[in-house]
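> Residue numbers (this note's numbering), protein chains in the order written: chain U, 8 to 518; chain Z, 5 to 696; chain A, 325 to 848; chain W, 47 to 147; chain X, 151 to 260. Below is a structure I'd like to ask you about.
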Amino acid sequence: MIPLQQTPTLAPDWLALTPALLLGVFALLLFVFDSIDPDESNDGLLAGLATVGSVSAAVVAGVFLLLGIGAGDGVSLYGGQLVVDGMALFFMLIFTSVASLVCLGSIDYLEGHDDIAGYYSLVLLATTGMAMMAASNSLATIFVSLELLSLPSYGLVAYLKNNKGSVEAGMKYFLVGALSSAVFAYGISLIYGVTGSLLLSEVAGALQGGEVLTDLGGIFGVGVLMVAGGFAFKTASVPFHFWAPEAYEGAPAPVSAFLSSASKAAGFVVAFRVFIVAFPIESVAGTIDWVLLFQVLAVVTMTLGNFAAATQENVKRMLAYSSVGHAGYVLIGLAALTGQGNGEIVLGAGMIHLLVYGFMNTGAFLFVALVEYWGVGRTFEDYNGLATKAPIACVAMTVFMFSLAGLPIGGGFLSKYYLLAGAVGAGVWWLALVAAVNSALSLFYYSRVVKAMWIEEPNGNLDRIDVRGYPTGLYAAVVIAAIATVVLLPAIGIFSGVAFEAASAVLQIAP
Amino acid sequence: MAAESGVFTFAPAIAVLPFVSFLVALFAGKYMPKKGAVAGIAATAGSLLLSLVMLAQVASGHAHHMELYTWVGGEGVPFELTFGILLDQLSTLMLVIVSTIAFLVHVFSLGYMNDEGETGLPRYYAELGLFSASMLAFVFSDNVLMAFMFFELVGLCSYLLIGFWFRRPGPASAAKKAFLVTRFGDYFFLIGVVGIFATFGTGTFGGPGVEESFPELAEAAIAGGASVNTFFGLSPRAWFGVLGLLVLGGVMGKSAQFPFHTWLPDAMEGPTPVSALIHAATMVAAGVYLVARMYGFYALLPTVLAVIAFVGGFTALFAATMGVVKDEIKQVLAYSTISQYGYIMLALGGGGYVAGVFHLTTHAVFKALLFLGAGSVIIAMHHNENMWDMGGLKDRMPVTYYAFLSGSLALAGIVPFSGFWSKDEVLYETLVHGLGGSPLLLAAYAMGLLAVFFTGFYTFRMVLLTFHGEPRTDLAEDPEPVRWNVKIPLAILGVLAAVIGVINLVPVHALESSVPEFLHDWLYHGPEGLNGEHYHELITSPEFAGYSAGAIPGLGELGTLFASAGLSLAVALAGSAVALALYRAPAPEEHTAKLGSLKTLLYENYYQDEYQVWLAQDLTEETVAKNAKRFDDGVVDGFVDRVSDVSLVSGHFLRRVQTGIVSNYAALITLGLVVLLVAFGIVGGWFGGVFA
Amino acid sequence: MMIEALVGLCLVGALVVFFAPDEYAGKLAFGWSLLPLALSALMYLNFDGRGNALLGGSLAFEEQFTWIALGPYELTWFMGLDGISMPLVVLSTLLTTLAILSAWTPIDERRNQFYGLVLFLEGSLIGVFGALDFFVWFVFWEAVLIPMYFLVGIWGGARRKYAAIKFFVYTNIASLVLFIGFFGLVFGLGDSISSLALPEIATALRAGELGPLAGGLIVPEQLRLLAFVAMFIGFGVKVPIVPFHTWLPDAHVEAPTPISVLLAGVLLKMGTYALLRFNFTMLPETARSLAVPIAAVAVISVIYGALLALGQSDLKRIVAYSSVSSMGYVILGLVAYTSYGIGGATFQMVSHGLISGLMFACVGVIYNVTHTREVGDMAGLADEMPLTVGALVAGAFAYAGLPLMAGFAAEFFIFVGAFQSTVIAGNGMAVMTALAMFGIVIVAGYLLWAMQRSLFGPFRFDGDYEVTRAARHDIAPLVVLIVVIIALGTFPNDTFFRMITDAVGPLVDGATAEAALGTGGGSP
Amino acid sequence: MAVPVQYYLVLSAAVFCIGLFGILTRRNALMFLMSVELMLNAANINFVAFSFQHGNLTGQVFSLFTMALAAAEVAVGIGIILVLYRNFADVDVTKATTLRW
Amino acid sequence: MTTRPRLRKSSSQVIGVLALALFGVLAAVFLTASFGDAAGFPADGSITAAIGYAMFNLDAGAFPSEGFLVSFIVIAVVLDAALDVAVMLGLREEEEDTMASDGRGTRGDR
């Protein structure tokens, strides 16, 4: 139970959406810039604008979150189409933090490219889409916001339009995405067919009692599975994950960071909300036991992601697969909502993991961006002896890798073990065991990066670093991400409390 | 009390003094004139003096016990483990023996080591000092744990001193073997110690002022007067028997009893003074001393006593036969040592507590003498130990010869040298108790008696080959002279070997009771529970060992005594006579060939080393350990590596699913969706009961 | 704030040294490491804890304040020492200082990183022994892996990468397993605990508060068993017990010697320490019901480990496998549930830490000079390096359980405690003890065998290096260790054993027939 | 009165699967795009049919959004196909396989 | 590039069976479901007008519907974004990046 404290309110209500609005405004501002002066080449100004936009949104989201705005049932807006509650703000914080880092890191990465304004406006538009997803409380807004995230993402992946890899990645991402959104839309139509509504709370209301499901259980089940497919696409979960390794590898590294951290989190926030709020497991378990579904998906996803990651030669692709693996971990957040134990622990753990993941994974991809910037190569061997040239960045990368692997050098340690604890508490200890095996395997391949950087001898390909120098923006982004990752170990309490509260709030909304 | 404990407060110094000499020699030895020898001599002289003082104190009727300090204690543990000193008749006697020999060996070492220009002398004297300290501490230990600890420490010193010449492969190997074989025995001993503490909650031997000692508790338990923890549902008597046998493991290891005797001949690789001190007079005696120390416990257990006696008798004979064919002087002495400790075991097992201690005393003297004499010869022969290269040394080194002869006569058991008296008593005690109704003891006696023959033979073979006849090499023609520091110890010991028997002239006492049996009286007046009288009661009590003294039919007690003495003397003389007959010649021949295949068997020591080496090396190390290693590398670790291989291979397979062709992805997505739909459809009953 | 200061000193030192100039790093690290050493010595002298930390004892240097929450469970920063952890803290600080000193010679590149990581490792180790909240403890427990990975991976031998990753992944998966097991217990306790403070959990578990997990899917008995097994395996890997030991020889052989010193000296103790704190303190009933398999595992570890050591020809491997063997004694002592048994096991942790540290340090000094550890590659080193060889002989005999050295004391306590234990019906523990004790013969066998071949005999060396005497700063750690080992073996009670038995007392009360010893047992 | 809703559903399923069939078998990116449009329209059929079934307009309104989205998707899709053609000189989706495994 | 793709082109038509299978599953589900009678829309009232009201969350339509104001605004932005993407991708850059032949190198290889 959330203590009935005086929660601060905003007047008017829609101010609660400030983070999303800020992002949208800045995105459009950049859009306008782009339209007025397409040849504007003041990269710093554009990047600064985008960074300021996302940072300010992050600050607002963080302040709202800590002030407790929307604690409890949240601020419901526009007839229930949107809700700004703890979970929404928490995820907005994740999205905007990642976006800030990505914008900061892109300054150097995009050096010499055309259409910088377009890039930043797409990043901010996609972030806006995510923020809207976090606040969406209706399948309609979810679908539309999800597309607001997807379409700019396709463009971002293909941003290096003269680079075969980037274009191919964009093409694959787009095609799989289009297929997925068709499936998603079809699923929504079936849900609508069964319940007659798109609002999550009304869907749940229609399901209550279970009369509808006796007649229309099959249709509902197909709908739920298809909706789950849509989320699986966004979160890069099996079997809709196929785009992920390619897209993350081919895309510009900051975009990979953005997609694998923020976009994944966006997929999860809607999945959390839809399944918990709209399809309460008590009502639907007889028809479609989505907890079981997510257990299956979690096991397959984490196993596939981690095992495939273990045999990669390319660091970026390894990170891509590991990102699939992490999707599997977070799926535990849904898979362990068995009604046993403390649901808020496992759901909150999933949220916290996504938060920490936002920093550590973004940081890792930005480090890859740094290496791509230097042009020393992409395989593990190419990373050999990197620490001799760039010790600070390598310390940061080590922090990311070990934190991703769940060693206590960053917040990833706590969040991963929170997840495991939650799984055990829910009685799905076997799921925890599978996660444990995967986690140990992940330590193997993450430490390969560390080994290359610190233990191996340099290959002689590092001279290029001297040529290109040390880019300030990327360095700053990487170091900030590392500091955040490390600080989140002792200071996770700042966010874990609100995460657990938000989780229990969402869980208690369910009838 | 205050006055006497005033003297006794110096008791720890008996061990501490040599320990200090160890430290001095170790850290400052190389700066000292005699490389630490002076410190050692001073320390052991001090120990000897103090031991004598203690002996005198005890003689005045004041056995003493004191707790030194608590090793482990306090509220947290169920029983304390302490260090303490027990000064009674037995231990003070042994202290005097040990410190005497140690002192003399230190002096002798000046000649054997310093004068020979050996390097590493500080190490030598340090180790010698540590040994003396440990041995003395072992002797005055008041409980079995402390005894075990110093028992192990003397083992360490033995290892170090055998391996003193570590540059040569032989000593290094012999040292290892000595430690390992005794360690194997100590394994059982340690179980026994642990068992004693677990059973009784105390390991004290007893003594004045000691409330509880385990022999007393055991006695009470068998008598039904106390309850103790026995294990495995055994009766107290049976369980104590197990404990006794376990402790016996250590005894047999240290005292080189069959089948743990194999290390001792090898240990002759060490410097000869070391052989004299450690491997003849003192450390090897530690085993049998331990039996004597806890005789109150063994006397309760007839089975164990029989085992002790039989092992002793067998070892006495077995080792003596091997001594017959040896070519090297120290080898003969080594087998002789094994054989003689067999006698002591025989005595203790046969109920002859006093006899055992008596032979322990005399043997310490004459065997130390023989070793030192051999050392003198070895100096003279430039470290050639082969007796066939000697001959005729009698005239060139008379002091050594006469001293050696005195020791040899004692060893052979020729009246009136000390060995006669003690060996005779050993055999007599065994005989009477055997006649009292124990065929096993009689068998042991028979073996002991037979061994007397071989003892006489190999002793005089050794003397004759070494000192008599014509010199067989140039070296023997002109041996290196030895100095006072060799001669004085030999002289002292030579005299002692001849006369020390007076301390217990049993047959004489039987004839003329005014001739005292000093040792008998001495030991019978020990503190309560630790004296010979008490032991005798236990031995003869039907509730415990249940021995009874018998006599040769028709001869009576006195007749049996003299018959036994006469018999053993006759056998000894017979053995000596055969040796004289064979080797008296100026240029004696090797007669071993006449033994035929027996010769090989004896030369190879009954293949005892072979099977033990096979056990330790071929079986344990080469077979078991190597296979364990193979198993561990291949199976246990192999499993770990396979797991990692399988993970990587399956990872390789999984990544192949990602073909790079987007159509395939669409197909796989569709496939996944269809599979999920069908699976959950069936579970959820979506198909209108079609599959239900 | 003493423990915090201790950990903080190490971590700050790590940072300082990490950024210090390479050539001064060794001296700086040594100097700095004297601070925690002095502080821990001060703490040892002022130690005022009583009883067991988990079972209502009064803690020394206690500190507790809230940190974060995991759902309904509060996680607190909770530090404190009792008689079990205090000796281990002293062990950690002492061995770290000596390891740093012994690293001066062999470590000749990236010194600042090396010493920085060593100090980081020290801080983590102290944290492991000081922490009394599960998550805080677990943070330190896992944090230990990070410096170890680098220390083995960067400065190790030829197969260092393989060894480092094997160690890393193997022990990590063990941690995951134990974590799952432990949290099964936490959730089984449900509302009866409100934090993850270990004393609270231990008390609740011993009070029988354990309920079913997952709505009755797993009943308390099963849960207890499953959790016990999971934690036993998890900690057992660290110990290591057979058959989870194979990472150890690889890690030991490849690690630079100063790290082997710490690995064998302190890291393995984490496993046994945790076994004592978790399995044997929290689930005594389960431990007793599983006494037969546990004791069997202990005996197998002792004998099999010793046999494996006998089969090796690399000096470091020999010592590594003998660690497996020695740690088997600890398990045997723990399962005995007698004050001598558990106390001896704890004492063995300290004593084995010192002795194996000494052995590794000696092997390291030899390796510095000869660049080989193969027994067959050398002979008769005693003449060339008398002090080192002397120390090695001392270490070997300490290992082989020579009285008046720490190893004998510890092993004797274990033997006495295990022999009289009644956890297995029909004096089964006595048989197990007797079997395990055979290890003292094998250990003497392989150590003497190795010494005979490599140290004694005529001098022979099949290498290109000139065999010279070791530097003074190489010898100093050996001397210090020998002195400490003898001090501990001669005065076990006055050094550590009294505080240990005080702390293990609550664990064994009424647990055995000790009190019922017919004779009342010993002096009052 | 009218056609049972199942008929619409089966129709939409058929359209959906035809679209899917196109995706699975066509290699031309434009055909791929068209197939996706078919699938989205299958959803629209459902929305409209269910809207009638439930007697509320939610489905109808939403189908408008779906159409708008389809348009947006096509815009993006065409752009991507354009750059695909520029880089690979082909619009065969199975040709671009530089990234795999 | 030495390994052939798992699904060969010649078999791509066969893959279409999956679509058929999906249809089978969907049809099986749909045809076994039992809907009640359709509520339908009364003849009086403008559906088109109601749709318009629903788009702007105006509660004035003749038929019930949820509000879609948010979706409406968001879709507007989506269309903007699509435009942005299309323009960005469609524009031909003046200076051509020379790409590494394997297509994997990005800017780093320049």
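Cβ coordinates follow ideal geometry from the N, Cα and C atoms, glycine included. These numbers were taken from a predicted model, which means no experiment stands behind them.
Identify whether residue 215(U) lies in helix, strand or coil by the three-state DSSP scheme.
Coil.
> Please name the residue or residues paired with residue 455(A) in a DSSP beta bridge.
Partner(s): 403(A).
> Let me know the alpha helix (DSSP H) ranges lying completely inside the stretch 97-136 of chain W, each 4 residues or longer, listed in chain order.
The stretch 97-136 of chain W contains these whole alpha helix (DSSP H) runs: 104-134.
> At a CB distance below 7 Å, what residues from the stretch 646-664 of chain Z approach chain W? Give them in sequence order.
Flagged, chain order: 659, 660, 662, 663 and 664.
> Which residues share a DSSP beta bridge with residue 82(U)?
Residue 82(U) is bridged to 91(U).
> Any beta carbon from chain U within less than 8 Å of residue 113(W)'s own beta carbon?
It does not: the Cβ of residue 113(W) has no partner Cβ on chain U nearer than 8 Å.
> Residues in its own chain within less than 8 Å of residue 609(A) by CB, not counting five upstream and five downstream?
Once the five neighbours on either side are set aside, the close Cβ partners of residue 609(A) are 548.
> Are the C-beta atoms of residue 258(X) and some chain Z residue less than 8 Å apart?
At residue 258(X) the pLDDT is 39, less than 50, meaning the model places this residue with poor confidence and gives no usable figure here.
> Taking only beta-carbon positions, decide if residue 603(A) is within less than 8 Å of chain U.
No, residue 603(A) lies away from the interface with chain U (no Cβ there is under 8 Å from its Cβ).
> Please confirm whether any heavy atom of the ligand MG lies closer than 7 Å to the CB of residue 407(A).
Of the ligands one can find in the structure shown there are none, so the ligand MG has no counterpart to examine.
> If you follow the alpha helix (DSSP H) that residue 54(W) is part of, which residue opens it and which one closes it?
Where residue 54(W) is concerned, the enclosing alpha helix (DSSP H) stretches over 51-71.
> Grouping DSSP H, G and I as helix and E and B as strand, with all else coil, what is residue 297(Z)?
Three-state DSSP puts residue 297(Z) in a helix.
> What do you reckon, are the CB atoms on residue 413(U) and residue 454(U) nearer than 8 Å?
No, these two residues do not count as a Cβ contact at 8 Å.
> Any beta carbon from chain W within less than 8 Å of residue 228(X)'s own beta carbon?
It does; some Cβ of chain W falls within 8 Å.
> With residue 235(Z) and residue 751(A) assumed to form a contact (beta carbons below 8 Å), what rounded beta-carbon distance in angstroms separates them?
Yes, residue 235(Z) and residue 751(A) are in contact; Cβ-Cβ is about 4 Å, under 8 Å.
> Using a Cβ-Cβ distance cut-off of 8 Å, determine whether residue 643(Z) contacts chain U.
Output row for residue 643(Z): interface = no.
> Does the beta-carbon distance from residue 186(U) to residue 229(U) come in below 8 Å?
Cβ distance not < 8 Å, so residue 186(U) and residue 229(U) don't count as in contact.
> With distances taken from CA atoms, which of 50(Z), 673(Z) and 419(Z) is nearest residue 15(Z)?
Here the closest residue by C-alpha is 50(Z).
> Counting only the same chain and skipping the five closest in sequence on each side, list residues whose C-beta sits under 6 Å from that of residue 748(A).
Here the set comprises 615 and 616.
> Skipping 5 residues on each side, what residues in its chain have a beta carbon closer than 8 Å to that of residue 175(U)?
These residues qualify, in order along the chain: 253 and 257.
> Return the CA-CA distance between residue 463(U) and residue 701(A), expressed in angstroms with no decimal places.
So the alpha carbons of these two residues sit roughly 29 Å apart.
> Which residues of the stretch 448-478 of chain U have a Cβ closer than 9 Å to any Cβ of chain A? Give them in chain order.
Listed by position along the chain: 448, 450, 451, 454, 455, 457, 458, 461, 462 and 463.
> What does residue 90(W) reach in chain X if we use C-beta pairs closer than 9 Å?
Near residue 90(W) there are no residues of chain X at all, since even the closest Cβ is about 14 Å away, more than 9 Å.
> Taking 8 Å as the CB-CB limit, is residue 301(U) close to chain A?
Not an interface residue.
> Check this for me: beta carbons of residue 145(Z) and residue 154(Z), under 8 Å apart or not?
Cβ distance < 8 Å, so residue 145(Z) and residue 154(Z) count as in contact.
> Quick check: is the beta carbon of residue 582(A) nearer than 8 Å to any beta carbon in chain Z?
Taking Cβ atoms only, chain Z never reaches closer than 8 Å to residue 582(A), which makes this a no.
> Give me the chain W residues within the contact set of residue 181(U), using Cβ-Cβ distance strictly less than 7 Å, ordered along the chain.
Chain W residues near residue 181(U): 122, 123 and 126.
> Might you give, ordered along the chain, the residues of its own chain that have their beta carbon closer than 8 Å to the beta carbon of residue 43(W), omitting 5 neighbours on each side?
Shown here, chain W extends from 47 to 147; a query on residue 43(W) therefore has no answer.
> Given a limit of 8 Å on CB to CB distance, which residues of the stretch 129-140 of chain U reach chain Z?
Listed by position, the residues of the stretch 129-140 of chain U near chain Z (Cβ gap below 8 Å) amount to none.
> Which of the three DSSP states, helix, strand or coil, is assigned to residue 476(A)?
It is helical.
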